[in-house]
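Position one of the sequence shown corresponds to residue 1 (our numbering), numbered consecutively onward.
For each residue, glycine too, the CB sits at the ideal point set by N, CA and C.
Inspection log for the structure reproduced underneath, given as structure tokens.
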Amino acid sequence: MYLEKVNYPEDLKKLDLKKLPILSDEIRKFLINAVSETGGHLSSNLGVVELTVALHYCFNCPKDKIVWDVGHQSYTHKILTGRKNEFSTLRKKDGLSGFPRIGESEYDTFSTGHSSTSIAVALGIAKARDLKRQNYNVLAVIGDGAMTGGLAYEALNNACKSNTKMVIILNDNQMSISPNVGAMSQYLSNLRTTQKYLNAKNDIQHKLNSMPVIGKPIYNFLDKTKNTVKHTIMPNNVFEALGIRYIGPVDGHDITQLVHVFNRIKNLKGPVLIHVMTKKGKGYKPAEINPSVYHGVSKFDKEIGVVQNSVSPKTYSKILGEKLLLMAAYNKKICAITAAMPESTGLGQFAKTYPDRFFDVGIAEEYAVTFSSGLAVSGYIPVFAVYSTFLQRAYDQILHDVCLSNLHTIFCIDRAGIVGSDGETHQGIYDISFLLSIPNLVILAPKNGKELEEMFEFAVNKLDCPVAIRYPRGTASEVLNDINTPVELGKSEVIYNGTDIAIIAFGAMMDIAIGVYNDLKAKGYAPTLVNARFAYPMDLDCIKDLVESHKYIFTLEDNILSGGFGEHFTMEVVKTGKKDCSVFNFAFPNAYIEQGSREQLFEKYGMDKEHILEKILQRIES
Numbered sequence: 001m002y003l004e005k006v007n008y009p010e011d012l013k014k015l016d017l018k019k020l021p022i023l024s025d026e027i028r029k030f031l032i033n034a035v036s037e038t039g040g041h042l043s044s045n046l047g048v049v050e051l052t053v054a055l056h057y058c059f060n061c062p063k064d065k066i067v068w069d070v071g072h073q074s075y076t077h078k079i080l081t082g083r084k085n086e087f088s089t090l091r092k093k094d095g096l097s098g099f100p101r102i103g104e105s106e107y108d109t110f111s112t113g114h115s116s117t118s119i120a121v122a123l124g125i126a127k128a129r130d131l132k133r134q135n136y137n138v139l140a141v142i143g144d145g146a147m148t149g150g151l152a153y154e155a156l157n158n159a160c161k162s163n164t165k166m167v168i169i170l171n172d173n174q175m176s177i178s179p180n181v182g183a184m185s186q187y188l189s190n191l192r193t194t195q196k197y198l199n200a201k202n203d204i205q206h207k208l209n210s211m212p213v214i215g216k217p218i219y220n221f222l223d224k225t226k227n228t229v230k231h232t233i234m235p236n237n238v239f240e241a242l243g244i245r246y247i248g249p250v251d252g253h254d255i256t257q258l259v260h261v262f263n264r265i266k267n268l269k270g271p272v273l274i275h276v277m278t279k280k281g282k283g284y285k286p287a288e289i290n291p292s293v294y295h296g297v298s299k300f301d302k303e304i305g306v307v308q309n310s311v312s313p314k315t316y317s318k319i320l321g322e323k324l325l326l327m328a329a330y331n332k333k334i335c336a337i338t339a340a341m342p343e344s345t346g347l348g349q350f351a352k353t354y355p356d357r358f359f360d361v362g363i364a365e366e367y368a369v370t371f372s373s374g375l376a377v378s379g380y381i382p383v384f385a386v387y388s389t390f391l392q393r394a395y396d397q398i399l400h401d402v403c404l405s406n407l408h409t410i411f412c413i414d415r416a417g418i419v420g421s422d423g424e425t426h427q428g429i430y431d432i433s434f435l436l437s438i439p440n441l442v443i444l445a446p447k448n449g450k451e452l453e454e455m456f457e458f459a460v461n462k463l464d465c466p467v468a469i470r471y472p473r474g475t476a477s478e479v480l481n482d483i484n485t486p487v488e489l490g491k492s493e494v495i496y497n498g499t500d501i502a503i504i505a506f507g508a509m510m511d512i513a514i515g516v517y518n519d520l521k522a523k524g525y526a527p528t529l530v531n532a533r534f535a536y537p538m539d540l541d542c543i544k545d546l547v548e549s550h551k552y553i554f555t556l557e558d559n560i561l562s563g564g565f566g567e568h569f570t571m572e573v574v575k576t577g578k579k580d581c582s583v584f585n586f587a588f589p590n591a592y593i594e595q596g597s598r599e600q601l602f603e604k605y606g607m608d609k610e611h612i613l614e615k616i617l618q619r620i621e622s
């Protein structure tokens, strides 16, 4: 067992090159065992084992800097850099992060979690190196899916302009989470099939070198004149057109070839891109067959793989997808947009049923929003289903391209609120705050799955403006399913009327609010319970009524406090001039919330039923 002896890159470098394939197999088995117990990103990590081993074998980290794009493929990197024995804590509270994290290890150059950032970061580090007149290598590892993001091309453009020494590893596995789409995907596909270039070059070299007297000088001349052989066979390389030296495609599972290439390019000047071909899920048959299922998994039985239960409780994503599909059958104006995540956002069946009205734009959230504005201004109703954490990447496009012109575009914000084990980069607790500052945008959140359907229908049929509907990850709540007031613009829903104490819940917080309400009733109080429904426009009539008849008002939201629903609600209370009404906001602190289960994080930050009840009682009984 070589893995037992390898804890850091210096241990790895002691191994003979011939031993590295064996080590890679051991790492792959380790990953399957570990992730089956903890959950995590499996298929992407299985695909980069040899690549990661070769990188640490050839380069001298942490002096040399590796920036992992997104970072969910960094498990082997963590294993080889002193964290192997911590893998039982992966993605758990206070445990090992599922992404690179500054502070977790000196080998983690940059904290990542969102796509398409690596080249820009690496270029910045390389320029800083040059300014300091230091000497080390800087590498960006980016997937072909992430190459659909515009930020990657902004960085490539500047890399060629600067002519700074850096290495870009293009990890081409032909997938992001779902199969890649778009022109870049097709372009890379063409490059993959151009393995004939490598074969042809070798063949030309062999033939010329075998020619007596003149053969070798001719080949040397061609090789020295800007790789003329390459440009003759493959003239339309976009990377070299940008001024970036292109090498590849290289077999990403052939360690000998990888080591050979990496050692050859160490001392090259200027930017270099190495096109590496890998297979997602490599070495674990279920993940190879269906890599998207194993992109992010919960704990599973490694012997049988992930079992997909077709009768599992409905998620908010699934409910949205089914409602969208139903309404699209009679409303031909409805279009659906996704940024490389059709299945996880509930759009998979829509894509199959209405392919002409379905648009997967790849990992390009900014483009998705502006593209939606083009559909909307042309009379269609675009529905962009996107995770909360990724929508924040398109803030300017929402503000400038959609809301400025008041276009009927519907943002279905999935994974809003605390998402759990993916940690800081994926918590969806900022969207209320950054959306409430944008004019014209109606913002809603349902108390349960049934209300999500009603809100979506309302957004399509009753509104003619930008709309954002936010809902959490996981199984849809059925709380208060029997109470169902028709949705009206800017109107909240009074669940129970009471006196003195009012509890205002926004969206998914109703699950906790009803528990607090019942406990207060059991203690002899008669609170009012309100389902806010709208963050904008707020129900000013309801606020006025509550202020007139209640001494204490408590707002609950799964968002940060700063700029959130509660702060805006309090501002409206202040405007009433009523001074004998006290308002208290329950929300998450203005911070980056770490990884952990949803339950753990709600408890830690005082957002669970018990803590909220305790704080309410302290306030009203003091």
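| request: Would you tell me roughly how many angstroms separate the C-alpha atoms of Tyr-316 and Trp-68, rounded to the nearest one? | output: 31 Å
| request: Answer with buried or exposed for Val-618, where buried requires no fewer than 16 other C-beta atoms within 10 angstroms of its C-beta. | output: Reading off the sequence, residue 618 comes out as Gln, not Val. Label assigned to Gln-618: exposed.
| field | Extent of the continuous alpha helix (DSSP H) to which Pro-9 belongs | value | 9–12
| query | Looking at C-beta atoms only, is the number of pairs between the segment 525–534 and the segment 496–509 that lie closer than 8 Å three or more? | reply | yes
| Span separating the alpha-carbon of Val-48 from that of Cys-160 | 27 Å
| request: Output the distance between the C-alpha atoms of Ala-505 and Lys-551, rounded to the nearest integer angstrom. | output: 17 Å
| task | Would you please state the rounded distance, in angstroms, between the beta carbons of Phe-99 and Gly-82? I believe it to be under 8 Å. | result | 17 Å between Cβ atoms; not a contact.
| field | As assigned by DSSP and simplified to three states, the class of Ser-582 | value | Judged by DSSP in its simplified three-state form, Ser-582 adopts strand.
| said: At the level of alpha carbons, what is the spacing between Lys-462 and Ile-168? | reply: 49 Å
| request: Report yes or no: do three or more beta-carbon pairs, one from the segment 401–418 and one from the segment 366–374, lie closer than 8 Å? | output: yes
| field | Best match in Asn-440, Gly-243, Ser-43 and Thr-278 for proximity to Asn-290 [C-alpha to C-alpha] | value | Among Asn-440, Gly-243, Ser-43 and Thr-278, the Cα nearest to that of Asn-290 is on Ser-43.
| task | With a floor of 3 residues, list each beta strand (DSSP E) that falls wholly inside the segment 90–166, ordered by position along the chain. | result | Whole beta strand (DSSP E) segments, 3+ residues: 138–143.
| request: Locate the beta strand (DSSP E) running through Tyr-552, then write down its first and last residues. | output: 550–560
| Helix, strand or coil at Val-307 according to DSSP, with G and I counted as helix | coil
| Contact between the segment 429–440 and the segment 384–400: three or more CB pairs below 8 Å? | In this structure the segment 429–440 touches the segment 384–400; the number of beta carbon pairs closer than 8 Å is three or more.
| query | Does the Cβ-Cβ distance between Asn-531 and Ser-492 come in under 8 Å? | reply | yes
| said: Just to confirm the assignment, what range does the beta strand (DSSP E) spanning Thr-338 have? | reply: 334–338
| request: Measure the C-alpha to C-alpha separation of Ile-659 and Phe-384 and round it to an integer number of angstroms. | output: Because the chain in this structure spans residues 1 to 622, residue 659 falls outside the shown range and cannot be described.
| Nearest-angstrom Cα distance between Gly-417 and Thr-256? | Cα to Cα, the separation comes out at about 46 Å.
| query | For Tyr-430, which of helix, strand or coil comes out of DSSP? | reply | coil
| Contact with chain B by Asp-25, beta-carbon distance below 8 Å | Absent from the structure is chain B; it holds one protein chain and no more.
| request: Please say whether Val-35 and Val-297 have beta carbons closer to each other than 8 Å? | output: In contact: Val-297 and Val-35 (Cβ atoms closer than 8 Å).
| What is the rounded straight-line gap between the Cα of Lys-282 and the Cα of Arg-28? | 8 Å
| Spatial distance of Phe-534 from Cys-465 (CA atoms) | 15 Å
| query | Who are the Cβ neighbours of His-72 in its own chain at under 7 Å, not counting the five residues just before and after it? | reply | His-41, Ser-44, Gly-98 and Phe-99
| Unbroken alpha helix (DSSP H) run spanning Val-383, endpoints | Here Val-383 belongs to no alpha helix (DSSP H); instead the beta strand (DSSP E) covers 381–387.
| task | Would you mind sorting Thr-353 into buried or exposed? The rule is 16 or more other CB atoms within 10 Å of its CB. | result | With fewer than 16 other Cβ atoms within 10 Å, it is exposed.
| Is the number of C-beta pairs between the segment 355–369 and the segment 327–339 that are closer than 8 Å three or more? | yes
| query | Taking the runs of the beta strand (DSSP E) that are 3 residues or longer, which of them lie wholly in the segment 458–521? | reply | 467–470, 493–496 and 500–505
| said: Using only CA atoms, which one of Pro-486, Ile-469 and Ile-443 lies nearest to His-568? | reply: Across the set Pro-486, Ile-469 and Ile-443, the C-alpha of Ile-443 shows the shortest separation from the C-alpha of His-568.
| said: Considering just the uninterrupted stretch of the alpha helix (DSSP H) at Ala-34, what are its terminal residues? | reply: 20–38
| field | First and last residue of the uninterrupted beta strand (DSSP E) at Ile-274 | value | 271–277
| message | Would the segment 543–562 count as touching the segment 577–595 if we require 3 or more Cβ pairs under 8 Å? | response | Taking a cut-off of 8 Å for Cβ pairs, the segment 543–562 and the segment 577–595 touch, as three or more such pairs fall below it.
| Residues that DSSP places opposite Leu-624 in a beta bridge | It is not possible to answer for residue 624, since the shown part of the chain is limited to 1 through 622.
| With Lys-93 and Gln-595 assumed to form a contact (beta carbons below 8 Å), what rounded beta-carbon distance in angstroms separates them? | 7 Å
| request: Can you tell me which of the three DSSP states Ala-587 falls into? | output: In this structure, Ala-587 counts as strand in the three-state DSSP scheme.
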